[in-house]
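The working numbering applies: residue 9 is where the sequence shown begins, and numbers increase by one.
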Amino acid sequence: MEEESEEKIPRTFIMRVDDFNRESEAIFNEFEAIKEKYEKGEDVMDDLKRFRSKRPGIFALIDDIYHKEVEFEDKLERARIDDDKKQKMLEFKQRFAELADEIDLLVLGELGLGG
Numbered sequence: 009m010e011e012e013s014e015e016k017i018p019r020t021f022i023m024r025v026d027d028f029n030r031e032s033e034a035i036f037n038e039f040e041a042i043k044e045k046y047e048k049g050e051d052v053m054d055d056l057k058r059f060r061s062k063r064p065g066i067f068a069l070i071d072d073i074y075h076k077e078v079e080f081e082d083k084l085e086r087a088r089i090d091d092d093k094k095q096k097m098l099e100f101k102q103r104f105a106e107l108a109d110e111i112d113l114l115v116l117g118e119l120g121l122g123g
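This is the structure we're talking about:
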């Protein structure tokens, strides 16, 4: 990577993208189980909290995928993230879109902005 990219994009962002890609199978499996519970009408907040406590950086990345789309896509471009990694995150975003509100509620609740 060029020095210019390193200045603009936090190293942690690039590391999280790499971690997400490397661990994507396990992440997809965990979210598939959460999604199944959600579709049955069960509360998934504890499951999301558990995931976040195990993988806080990846949870933050997932939150950004849904709730900071423009900024997130801009970072991907500026960091010159490989297309296959972008594709994996896009696949996640589409597959688990129905959980976006639950993720948002968890984040807002932790910030004291939600119920």
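Just so you know, even glycine gets a beta-carbon here, dropped at the ideal spot from N, CA and C. This structure is a prediction, so every number in the text was calculated from the model and none was measured.
Reduced DSSP secondary structure (H/G/I, E/B, other) of residue 111
helix
Count the other C-beta atoms from every protein chain shown that fall within 10 angstroms of the C-beta of residue 87, then say buried if there are 16 or more, exposed otherwise.
buried
Start and end of the alpha helix (DSSP H) containing residue 80?
77-86
Helix, strand or coil, according to DSSP, for residue 31 in the structure here?
coil
Kindly indicate which residue of 76, 72, 39, 74 has the alpha-carbon position closest to the one of residue 59.
39
Reference residue 105, options 62, 84, 70, 115, closest by Cα:
70
Secondary structure at residue 90, three-state DSSP: helix, strand or coil?
coil
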